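So for the sequence shown, the numbering used here puts the first residue at 1; every next one is plus one. Positions of the beta carbon are idealized from the N, C-alpha and C atoms, including for glycine. In this text the structure is predicted, and so the values were computed from the model without any measurement. All remarks here apply to the structure that follows.
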Amino acid sequence: MKTIIKRLTVPLLCLIVTNFFISCQDDDSQNQPAEQNVQFEESKIISFDAIEEMTQNIIDGELAVEESEASGSENQNKVFGFNISREKRIYDFSGTVNSGAGSGTELSGELKLNFTFYHASFTIVRGVLELPDGAIARTRGAIISDGFVYLIINPPGRDLIFGIGRIGDDGNLQGGFRLFTNGGVGRGSWTATLTEATFPNKTIVELAVEDGRFTTLVGALQAADLVGALNGEGPFTVFAPTDDAFAALETIPEGETLKEILLYHVASGRLNTSSLLEQELIETLQGENVKVSLNSENEIVINDTVKLLSANIGGSNGVIQVIDAVLIPPSFRPLQSIVDTAIATPELSTLVSALQAADLVGALSGEGPFTVFAPTNTAFEALEAIPEGDALKEVLLYHVASGKFTAADLLEKQTVTTLQGAEVTIEKDEEGNVLLNGSIKVMTADIEATNGIIHLITGVLLPPAEIQSIVDTAIATPELSTLVGALQAADLVGALSGEGPFTVFAPTNTAFEALEAIPEGDALKEVLLYHVASGKFTAADLLEKQTVTTLQGAEVTIEKDEEENVLLNGSIKVMTADIEATNGIIHVITGVLLPPMAQNIVDIAVATPELSTLVGALQSAELVDALNGEGPFTVFAPTNAAFEALETIPSGEALKQVLLYHVVSGKFTAQELLREHTVTTLQGDRVTIQRNFRGQVILNRRIKVELADIEASNGIVHVIKNVLIPPRH
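This is the structure we're talking about:
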């Protein structure tokens, strides 16, 4: 085994598989068998898979409460501590398989859904689809806060139907679905027309009184003489602060001030979260607007900072949106200077420290007016190192413009000259976000100050540098110092200082650190040449080409993931693209690209940190030599996390039997496994194979193949999320 570890191919392949793991976290469908010509857009807030897994537990577990059980006074509004409203809706459902297996098949009936669990980001639904022949199809899923609808329908005698759609302002649903049967995969469309909606017969005030979280709010409504109004016909949308939210105030306002603040929490109309997000600015009964948006973690926030705790709790005369802080109308807030505003904003503490270090606090406390692009703490944390001295001052001045420019003003100008002297460009992306220099988002715009205006941004703006050669640019970039050392060791500095032009994929120091060992000699030269292509190709050029041949001779593939990141070889991200050089262009990347190579199954496991527990288990069970054999074998390889999820790892003969249950004689790709439906393992028992909604491979109905089709010289490896347990164990 020691000789295996020392081989050059081991540390190289380690990074390949490690980077695949990283990629799989960003795009769970990576390297999975995909259905052709079908793409279902999902909510950014929560994935279909998450709801599918969650509702398996909720519907079959803690919230599977019969109507009779929920009718008593103790359970009427809560089930195991979860607030429920028991809103019911009935739809006329119609679906048609348009292509694939079962093309032309129709599915229709009356869809009855109970809205049972109100989360800030989604509402769980459960119910039945009553088919014309009297059969019942159990149904579960969720209405997501941004208007997406996920449904899992289980017709009798068929596999699951997975549907994704949208809910309209009229309450109707429509979308597409996949139907998985033994005959293959069918794809189609569905609609659900709302025919009846039953809301609880309690007003929003009565719901608040019964809930128990709103004692202070109810008392405030009584003090402000607003209970009668909110018990009226409405409909109203109430942003309801919890008791904890009121407790966070130094003092609770009184009199007319209290009334104005409470009215700032009420809007006219029954506005669910999808409507709130669509409108973005909501006029309240107090007269001023509240802003509803998604933060960087796709959580719904009010006025950029106040989080939604529970959403869309329906009453007879409106809907309650539960929030974690009391909203204060803008007109009630005294304006501060730019510096004082930054000091009062926790997520700008790093910027404040930087301004102090660069001796710029006095300047930004002046009359102005100034426009400040303010990077958050998270933006600064993304830098490998924060500049110091004059370099820091230059960077900070590149975030300040003379004059007061709102986001609308900036978009109209398109460019603005900073106090550092260079320009910042301004544009809008397809989703309506304001972008600076093509990539950095304005996350909160138009924060008023006495001497200007502040725009919070997601990244640190860096002034344009003087264009240098590829090698000089790398030398001037601290996070590429390991690459520079490698180029020197491989005697490639002279070549990359030539006329070119070249396109260089430049791994960061962190990328090299992820290798168990950096190659040496000819092996190092081969790896580095695999990062260089002849010609100058921007990221857009590369995406258009899809593949590029390197100076090493092998190709690198280029694609985009769902989050619009440029990926090399399916997993390595381009973190900074299109860095101009006098003799070409540089793309900084998150991993080291490794030329194609072949290893056996054991080599792959040894080379992969996430499979170290599996390697130890194979050694303990004396199965290493067997899996070093000619094979071919198909191995389902559990990760370290999979083993950690076990209460205890088996030992002795029991361990051997469990491991043999992960090995199949023969080489089966993911597609071939799906065609087989079941395979017999070397342990003797069978493993079942099917697809989930995304077309990913699922073993024994529950265990997901995280990474499929890792080629080995003596077979193939599929990395799995959990340990397979033989039926007899």
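Task: Option in Thr415, Glu431 and Gly432 with minimal Cα separation from Val424 - done: For the residues Thr415, Glu431 and Gly432, the minimum Cα distance to Val424 belongs to Thr415.
Task: Inter-residue Cα distance where the pair is Glu430 and Gln286 - done: In this structure, the alpha-carbon of Glu430 lies about 33 Å from that of Gln286.
- [ ] Could you say if the region 352-369 and the region 313-331 meet the contact criterion of at least three C-beta pairs nearer than 8 Å?
- [x] Here the region 352-369 makes no contact with the region 313-331; the two share fewer than three CB pairs at distances below 8 Å.
Open item on the list: Using CA atoms only, rank isn't needed, just tell me which of Asn565, Asn628, Arg89 and Ile328 is closest to Val599.
Closed with: One detail in the question is off: residue 599 reads as Gln in this sequence, not Val. Nearest C-alpha to Gln599: Asn628.
- [ ] State the Cα-Cα distance for the pair Leu111 and Ile144, rounded to the nearest angstrom.
- [x] Each residue's Cα considered, the two are about 18 Å apart.
TODO: Mind checking which residues open and close the alpha helix (DSSP H) that includes Asp578?
DONE: Per DSSP, Asp578 is not a residue of any alpha helix (DSSP H); the beta strand (DSSP E) it occupies stretches across Ile572 to Ala581.
Open item on the list: On a Cα-Cα basis, can you pick out the residue from Gly389, Thr417, Ile649 and Gln279 that is closest to His399?
Closed with: Nearest to His399 by alpha-carbon distance, out of Gly389, Thr417, Ile649 and Gln279, is Thr417.
Task: Beta-ladder partner(s) of Ala506, from DSSP - done: Per DSSP, Val588.
Open item on the list: Once DSSP output is grouped into helix, strand and coil, what is the label at Pro200?
Closed with: Here Pro200 sits in coil by DSSP.
- [ ] Would you mind stating whether Ile328 and Ile261 have Cβ atoms separated by less than 8 Å?
- [x] Taking 8 Å as the Cβ cut-off, Ile328 and Ile261 qualify as a contacting pair.
Task: Identity of the residue in Asp244, Leu348 and Ala449 nearest Arg333 by Cα - done: It is Ala449 whose Cα lies nearest to the Cα of Arg333.
Task: 8 Å CB neighbourhood of Thr378 in its chain, flanking five on each side removed - done: Excluding sequence neighbours, Thr378 sits near Ser296, Glu347 and Thr458.
- [ ] Give every residue of the same chain whose Cβ lies closer than 7 Å to the Cβ of Leu724, excluding the five residues on either side of it in the sequence, and list them in chain order.
- [x] Answer for Leu724: Phe636, Tyr661, His662, Val687, Leu699, Asn700 and Ile703, listed in chain order.
Task: Run of the alpha helix (DSSP H) containing Asp472, from where it starts to where it stops - done: From DSSP, the alpha helix (DSSP H) with Asp472 extends over Ile470 to Ile475.
Task: Simplified DSSP state of Leu753, which is helix, strand or coil - done: This structure gives no information on residue 753, because the portion of the chain shown stretches from 1 to 729.
- [ ] Taking 8 Å as the cut-off, decide whether the C-beta atoms of Val556 and Asn569 are in contact.
- [x] Taking 8 Å as the cut-off, the beta carbon of Val556 is found closer than this to the beta carbon of Asn569.
Open item on the list: Here's the rule I'm using: 16 or more other beta-carbon atoms within 10 Å means buried, otherwise exposed. How should Asp390 be labelled?
Closed with: A residue is called buried when at least 16 other Cβ atoms come within 10 angstroms of its Cβ; Asp390 does not meet this threshold and is exposed.
Task: Distance between Thr273 and Asp146 (C-alpha atoms, nearest Å) - done: Roughly 6 Å separates the two Cα atoms.
- [ ] Starting from Asn289, trace the beta strand (DSSP E) both ways and give me its first and last residue.
- [x] Counting along the chain, Asn289 sits inside the beta strand (DSSP E) bounded by residues Asn289 to Leu294.
- [ ] Below 8 Å CB to CB, which residues in the same chain sit around His677 once its five sequence neighbours on both sides are set aside?
- [x] For His677, where only same-chain residues beyond five positions count, the Cβ hits under 8 Å are Asn182, Thr688, Ile689 and Gln690.
Open item on the list: Short of 6 Å in beta carbon distance, which residues of its chain neighbour Gly134, apart from the five on each side in sequence? Order them along the chain.
Closed with: Apart from sequence neighbours up to five positions away, no residue of its chain approaches Gly134 with a beta-carbon distance below 6 Å.
- [ ] Whole angstroms is fine: what's the gap from Leu151's alpha carbon to Phe162's?
- [x] Leu151 and Phe162 have their C-alpha atoms spaced approximately 6 Å apart.
- [ ] Leaving out five residues on either side along the sequence, give the residues of the same chain with a beta carbon under 6 Å from the beta carbon of Glu563.
- [x] Closer than 6 Å at the Cβ level, and outside the excluded window around Glu563, lies no residue.
- [ ] Have a look at the DSSP bridge pairing and note the partners of Lys704.
- [x] Looking at the DSSP assignment, Lys704 forms a beta bridge with Ile698.
Task: Residues of its chain near Ala70, where Cβ-Cβ distance is below 6 Å and the 5 sequence neighbours each way are ignored - done: Annotation note: pLDDT 34 at Ala70 (below 50); position unreliable, no value reported.
Task: Whole-angstrom distance between Ser651 and Arg270, CA atom to CA atom - done: Going from the Cα of Arg270 to the Cα of Ser651 covers about 60 Å.
Task: Selected residue, minimal CA-CA separation from Ala120, among Leu309, Thr257, Leu618 and Pro375 - done: The shortest C-alpha to C-alpha distance from Ala120 to any of Leu309, Thr257, Leu618 and Pro375 is the one to Leu309.
- [ ] Can you say whether Asp169 is buried or exposed, counting buried as having 16 or more other CB atoms within 10 angstroms of its CB?
- [x] Exposure of Asp169 is indicated by the presence of fewer than 16 other C-beta atoms within 10 angstroms of its C-beta.
TODO: Check Thr55 in the structure and name its three-state DSSP category.
DONE: Correct three-state label for Thr55: helix.
Open item on the list: In the DSSP output, which residue or residues are listed as bridge partners for Phe633?
Closed with: According to DSSP, Phe633 bridges with Ser665 and Gly715.
TODO: Whole angstroms is fine: what's the gap from Asp49's alpha carbon to Tyr91's?
DONE: One Cα belongs to Asp49, the other to Tyr91, and the distance between them is close to 24 Å.
TODO: Helix, strand or coil for Ala223, going by three-state DSSP, please let me know.
DONE: In the structure shown, Ala223 sits in a helix (DSSP, three-state: H, G or I).
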